[in-house]
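Colleague:
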Amino acid sequence: MTKQNVVVSDAKSGLEITVGLTNTSLFSTTATRKSPIVTISRNNKLLKKLETGVVGVGVGGERINAWVDSMKASSPTHVMSPASFAATVDLRSWILDHPSALQMFEQITNASEGKQIVMFLDYDGTLSPIVNDSDRAFMSESMRRAVRNAARYFPTAIVSGRSRDKVYNFVRLAELYYAGSHGMDIKGPTKSSKYKKGNQAVLFQPASEFLPMINEINKALIEKTKSIPGATVENNKFCVSVHYRNVEEKSWSGLAEQVKSVMKEYPKLKLTQGRMVLEIRPTIKWDKGKAVEFLLESLGFANGNNVLPLYIGDDRTDEDAFKVLRKRGQGFGILVSKNPKDTSASYSLQEPAEVMDFLHRLVEWKRLSLRRRSRV
Numbered sequence: 006m007t008k009q010n011v012v013v014s015d016a017k018s019g020l021e022i023t024v025g026l027t028n029t030s031l032f033s034t035t036a037t038r039k040s041p042i043v044t045i046s047r048n049n050k051l052l053k054k055l056e057t058g059v060v061g062v063g064v065g066g067e068r069i070n071a072w073v074d075s076m077k078a079s080s081p082t083h084v085m086s087p088a089s090f091a092a093t094v095d096l097r098s099w100i101l102d103h104p105s106a107l108q109m110f111e112q113i114t115n116a117s118e119g120k121q122i123v124m125f126l127d128y129d130g131t132l133s134p135i136v137n138d139s140d141r142a143f144m145s146e147s148m149r150r151a152v153r154n155a156a157r158y159f160p161t162a163i164v165s166g167r168s169r170d171k172v173y174n175f176v177r178l179a180e181l182y183y184a185g186s187h188g189m190d191i192k193g194p195t196k197s198s199k200y201k202k203g204n205q206a207v208l209f210q211p212a213s214e215f216l217p218m219i220n221e222i223n224k225a226l227i228e229k230t231k232s233i234p235g236a237t238v239e240n241n242k243f244c245v246s247v248h249y250r251n252v253e254e255k256s257w258s259g260l261a262e263q264v265k266s267v268m269k270e271y272p273k274l275k276l277t278q279g280r281m282v283l284e285i286r287p288t289i290k291w292d293k294g295k296a297v298e299f300l301l302e303s304l305g306f307a308n309g310n311n312v313l314p315l316y317i318g319d320d321r322t323d324e325d326a327f328k329v330l331r332k333r334g335q336g337f338g339i340l341v342s343k344n345p346k347d348t349s350a351s352y353s354l355q356e357p358a359e360v361m362d363f364l365h366r367l368v369e370w371k372r373l374s375l376r377r378r379s380r381v
C-alpha cells in the first residue's frame with residue numbers, strides 16, 4: 006500500500022488541511038463498464054482537526070429580526086414579496102442566466118466529452134416533493150428507478166441535511182454514496198459484498214466529537230419549542246433541524262426567541278437557514294460543498310480534468326456545493342426552483358418531475374453513446 010494525502014481546503018480562510026491516508030485512495034474503486042463501486046477504508050485518524058469558527062447567524066438580541074427576515078425569505082408565501090429577490094430580478098434575465106437543464110441538455114453532455122460524470126443529488130425538494138410532514142417525504146417508485154438507472158452509469162451520491170440513516174431509508178438504494186447531516190456523515194456503496202469485508206466500510210464523520218452536544222441541544226429544543234403549535238424538532242445526527250413550515254407566521258419571532266435562548270448556551274454550535282427550517286450544526290468548516298470536494302478527491306478526481314460533477318438541489322444549503330463547482334471551474338450546479346433565486350447554480354429545473362426527466366435523458370444519452378462506441 007502507498008500513502009496518499011487528501012487535502013481539505015477552506016475557500017474563505019485559505020486553510021488547507023493535509024491528511025495522510027494509508028490506502029491509495031480513501032475509497033477502493035474497480036473499473037467496470039458501469040460506474041465504479043466504492044467502499045470506505047478504515048482510518049480512525051482520518052481527520053484530526055478542522056478549523057472551527059461561528060459562520061452562521063448570531064444569537065444576540067439584535068439578530069432576532071434578521072432571523073425572522075431570513076425565515077420569511079425562505080417561505081413560499083413571501084417569495085414574490087417586494088423585499089424578495091424574486092420581485093427585484095427580471096424573470097427573463099434570470100432564465101437567461103440560469104437556463105433549463107433540459108433545454109440546454111446538449112450543451113451539458115457536450116461538456117462531458119472525455120470525462121466521467123459524477124452525480125450529486127439533494128433529497129427533499131429534488132427527489133421528493135416538499136411536504137408538511139417531513140417524515141412523509143417519500144420519493145416515488147419512478148424516481149427511485151431513475152436514480153437507480155443513473156447510478157449504473159455514473160457514480161451517484163445523495164447529499165442531504167437529513168441524517169444519513171433517514172435519507173437512506175427514503176431512497177433505499179445500496180449502490181449509492183450517502184452524505185447525510187450536510188455532508189458530516191459519509192458512507193460509500195454497500196450493495197456488492199465483494200467490496201465489503203466485515204466492518205471495514207466505516208463512516209467518515211468529521212464532527213463525531215459533537216454528538217453528545219447535538220443530542221443535548223436536541224432535547225432542549227424539543228422542550229423549549231413545544232409551546233409553539235406546528236414547530237417540530239428533528240435530530241439529524243450531526244445537526245438539529247427546527248421546522249416551522251406548519252407554524253403560523255405570527256409565531257415565527259417567538260420561535261426564533263426560543264431557539265436563541267437555547268443556542269446561547271452552546272457557543273460551539275451555529276445556526277444556518279434552510280427551506281422553512283432552522284439548522285443547528287457544529288461550527289466546523291464543513292458543508293455540502295466540502296462533502297462534494299471530499300468525494301471527488303476520494304474518487305481520484307481531485308485536480309484532474311477528466312470529471313464533470315453535476316449537483317442538483319433546491320435548498321439554500323446546496324449553494325455551498327454550487328459555489329465549489331464554480332470555483333473549480335468543473336461541472337454544473339442545477340437549481341430546482343419555480344421562482345428566481347439568488348444562486349451560484351448554472352442551470353435550473355422547476356420541480357422533481359423535471360429532475361426525473363433530466364436523469365432519464367442522461368441515462369438514455371449514455372446508453373446511446375456506449376452503443377455507438379461498440380460499433381466502432
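Offset between the sequence shown (1-based) and the working numbering: plus 5. For every residue, glycine included, the Cβ atom is placed at its ideal position computed from N, Cα and C. Computed from a predicted structure; not experimentally measured.
Can you give the Cα-Cα distance for residue 160 and residue 182, rounded to whole angstroms?
Modeller: Numbered from its first residue, the sequence shown carries residue 160 at position 155. Numbered from its first residue, the sequence shown carries residue 182 at position 177. Spanning the two alpha carbons is a distance of roughly 8 angstroms.
Colleague: Just the C-alpha distance for residue 116 and residue 313, rounded to the nearest angstrom, thanks.
Modeller: Reading the sequence shown from its first residue, position 111 is the one you call residue 116. Reading the sequence shown from its first residue, position 308 is the one you call residue 313. Roughly 8 angstroms between the two C-alpha positions.
Colleague: Can you give me the C-alpha to C-alpha distance between residue 177 and residue 281, rounded to a whole angstrom?
Modeller: Counting from 1 along the sequence shown, the entry for residue 177 is found at position 172. Counting from 1 along the sequence shown, the entry for residue 281 is found at position 276. For residue 177 and residue 281, the distance between alpha carbons rounds to 26 angstroms.
Colleague: State buried or exposed for residue 339, treating a residue as buried only when at least 16 other CB atoms are found within 10 Å of its CB.
Modeller: On the sequence shown, residue 339 is found 334 positions in, with the first residue counted as 1. It counts as buried.
Colleague: From the DSSP output, in three-state form, read off residue 294 for me.
Modeller: Against the sequence shown, residue 294 aligns to sequence position 289. Three-state result, residue 294: helix.
Colleague: Check the DSSP bridge columns for residue 238 and list the partner residues they point to.
Modeller: Position 233 of the sequence shown, counting from 1, holds the residue named residue 238. The partner list for residue 238 (beta bridge, DSSP) reads 247.
Colleague: If the criterion is Cβ atoms closer than 8 angstroms, does the pair residue 185 and residue 242 meet it?
Modeller: Working through the sequence shown from its first residue, we reach residue 185 at position 180. Working through the sequence shown from its first residue, we reach residue 242 at position 237. Yes, Cβ-Cβ distance for residue 185 and residue 242 is below 8 angstroms.
Colleague: Report the residue from 374, 352 and 266 whose alpha carbon sits nearest the alpha carbon of residue 108.
Modeller: Stepping through the sequence shown from its first residue, residue 108 is reached at position 103. Minimum Cα distance to residue 108 is reached at 352.
Colleague: Leaving out the 5 sequence neighbours to the left and right, which residues in its chain are closer than 7 angstroms to residue 361 when beta-carbon positions are compared?
Modeller: Locating residue 361 in the sequence shown gives position 356, counting from the first residue. 147, 148 and 151.
Colleague: Under the rule that 16 or more other beta-carbon atoms within 10 Å means buried, what is residue 100, buried or exposed?
Modeller: The count along the sequence shown starts at 1 and reaches residue 100 at position 95. The residue in question, residue 100, is exposed, as its Cβ has fewer than 16 Cβ neighbours within 10 Å.
Colleague: Rank 224, 253 and 309 by C-alpha distance to the C-alpha of residue 246 and give the top, closest one.
Modeller: To locate residue 246, count along the sequence shown from 1; it is residue 241. Residue 246 has its Cα closest to that of 224, out of 224, 253 and 309.
Colleague: Since residue 133 sits in a beta bridge, which residues does DSSP pair it with?
Modeller: Within the sequence shown, numbered from 1, the residue matching residue 133 stands at position 128. Looking at the DSSP assignment, residue 133 forms a beta bridge with 129.
Colleague: Hey, which unbroken runs of the beta strand (DSSP E) at 3 residues or more fall wholly within the stretch 279-354?
Modeller: As far as the stretch 279-354 is concerned, its whole beta strand (DSSP E) runs of at least 3 residues are 282-287, 312-318, 337-341 and 352-354.
Colleague: Check whether the stretch 248-255 and the stretch 290-299 touch, using three or more Cβ-Cβ pairs below 8 angstroms as the test.
Modeller: Too few Cβ pairs lie closer than 8 angstroms, so no.
Colleague: How far does the alpha helix (DSSP H) with residue 100 in it reach, from first residue to last?
Modeller: Taking the first residue of the sequence shown as 1, we reach residue 100 at position 95. Residue 100 -> alpha helix (DSSP H) spans 96-102.
Colleague: Closer than 7 angstroms by C-beta to residue 267: which residues in its own chain qualify, once you throw out the five before and the five after it? Chain order, please.
Modeller: Start at 1 with the first residue of the sequence shown, and residue 267 comes out as number 262. Once the five neighbours on either side are set aside, the close Cβ partners of residue 267 are 222, 225, 226 and 229.
Colleague: Buried or exposed for residue 408, please, with buried defined as at least 16 other CB atoms from any protein chain shown within 10 angstroms of its CB.
Modeller: Residue 408 lies beyond the residue range present for the chain, which begins at 6 and ends at 381; the question has no answer from this structure.
Colleague: Judging by CA-CA distance, which residue of 341, 316 and 320 is the nearest neighbour of residue 329?
Modeller: Position 324 of the sequence shown, counting from 1, holds the residue named residue 329. Nearest of 341, 316 and 320 to residue 329, Cα basis: 316.
Colleague: May I ask you to report which of helix, strand or coil DSSP gives residue 138?
Modeller: Within the sequence shown, numbered from 1, the residue matching residue 138 stands at position 133. Coil.
Colleague: Between the beta-carbon of residue 354 and the beta-carbon of residue 162, is there less than 8 angstroms?
Modeller: Walking along the sequence shown from the start, residue 354 turns up at place 349. Walking along the sequence shown from the start, residue 162 turns up at place 157. Not in contact: residue 354 and residue 162 (Cβ atoms no closer than 8 angstroms).
Colleague: Would you kindly work out how many angstroms separate the C-alpha atoms of residue 306 and residue 102, rounded to a whole number?
Modeller: Here residue 306 refers to the residue found at position 301 when the sequence shown is read from its first residue. Here residue 102 refers to the residue found at position 97 when the sequence shown is read from its first residue. Roughly 28 angstroms between the two C-alpha positions.
Colleague: Who are the near neighbours of residue 154 in its chain, counting only those whose CB is closer than 6 angstroms to its CB and skipping five residues on each side?
Modeller: What you label residue 154 is simply residue 149 of the sequence shown in a count that begins at 1. Contacts found: 368.
Colleague: Leaving out five residues on either side along the sequence, give the residues of the same chain with a beta carbon under 7 angstroms from the beta carbon of residue 113.
Modeller: Translated into positions along the sequence shown, residue 113 becomes position 108. Same-chain partners within the cutoff: 106 and 337.
Colleague: Considering just the uninterrupted stretch of the beta strand (DSSP E) at residue 182, what are its terminal residues?
Modeller: Taking the first residue of the sequence shown as 1, we reach residue 182 at position 177. Note, residue 182: beta strand (DSSP E), 182-185.
Colleague: Rounded to the nearest angstrom, what separates residue 285 and residue 233 at their Cα positions?
Modeller: As a first step, residue 285 is located in the sequence shown; it is residue number 280 there, counting from the start. As a first step, residue 233 is located in the sequence shown; it is residue number 228 there, counting from the start. So the alpha carbons of these two residues sit roughly 18 angstroms apart.
Colleague: From the DSSP output, in three-state form, read off residue 123 for me.
Modeller: As a first step, residue 123 is located in the sequence shown; it is residue number 118 there, counting from the start. Note: residue 123 maps to strand in three-state DSSP.
Colleague: Check the C-beta distance from residue 288 over to residue 187 and give it rounded, since I have them as a contact under 8 angstroms.
Modeller: Mapped onto the sequence shown, residue 288 falls at position 283. Mapped onto the sequence shown, residue 187 falls at position 182. Actually they are not in contact, since the Cβ atoms of residue 288 and residue 187 sit about 13 angstroms apart, beyond 8 angstroms.
Colleague: For residue 130, is the classification buried or exposed, using 16 other Cβ atoms within 10 angstroms of its Cβ as the cut-off for buried?
Modeller: Position 125 of the sequence shown holds residue 130. When all chains shown are included, residue 130 counts as buried.
Colleague: Could you give the distance in angstroms between the alpha-carbon of residue 1 and the alpha-carbon of residue 273?
Modeller: Shown here, the chain extends from 6 to 381; a query on residue 1 therefore has no answer.
Colleague: Check for me: the beta strand (DSSP E) holding residue 191 runs from which residue to which?
Modeller: Taking the sequence shown and counting its residues from 1, the one referred to as residue 191 is at position 186. First-last of the beta strand (DSSP E) with residue 191: 190-192.
Colleague: Under the three-state reduction of DSSP, which class applies to residue 360: helix, strand or coil?
Modeller: Residue 360 sits at position 355 when you count from the first residue of the sequence shown. Residue 360: helix per DSSP, three-state reduction.
Colleague: Contact defined as beta carbons within less than 8 angstroms: I believe residue 125 pairs with residue 326. What is the distance between those atoms, to the nearest angstrom?
Modeller: One-based indexing of the sequence shown puts residue 125 at position 120. One-based indexing of the sequence shown puts residue 326 at position 321. Right, their Cβ atoms sit about 7 angstroms apart.
Colleague: Name, in chain order, the residues that DSSP records as bridge partners for residue 163.
Modeller: Translated into positions along the sequence shown, residue 163 becomes position 158. In DSSP, residue 163 forms a bridge with 126 and 183.
Colleague: Any beta carbon from chain D within less than 8 angstroms of residue 246's own beta carbon?
Modeller: Included in the structure is just one protein chain, with no chain D present.
Colleague: Can you check DSSP and say which residues form a bridge with residue 105?
Modeller: Here residue 105 refers to the residue found at position 100 of the sequence shown. Residue 105 is bridged to 353.
Colleague: For residue 209, list the residues DSSP reports as bridge partners.
Modeller: Indexing the sequence shown from 1 puts residue 209 at position 204. Answer is 191.
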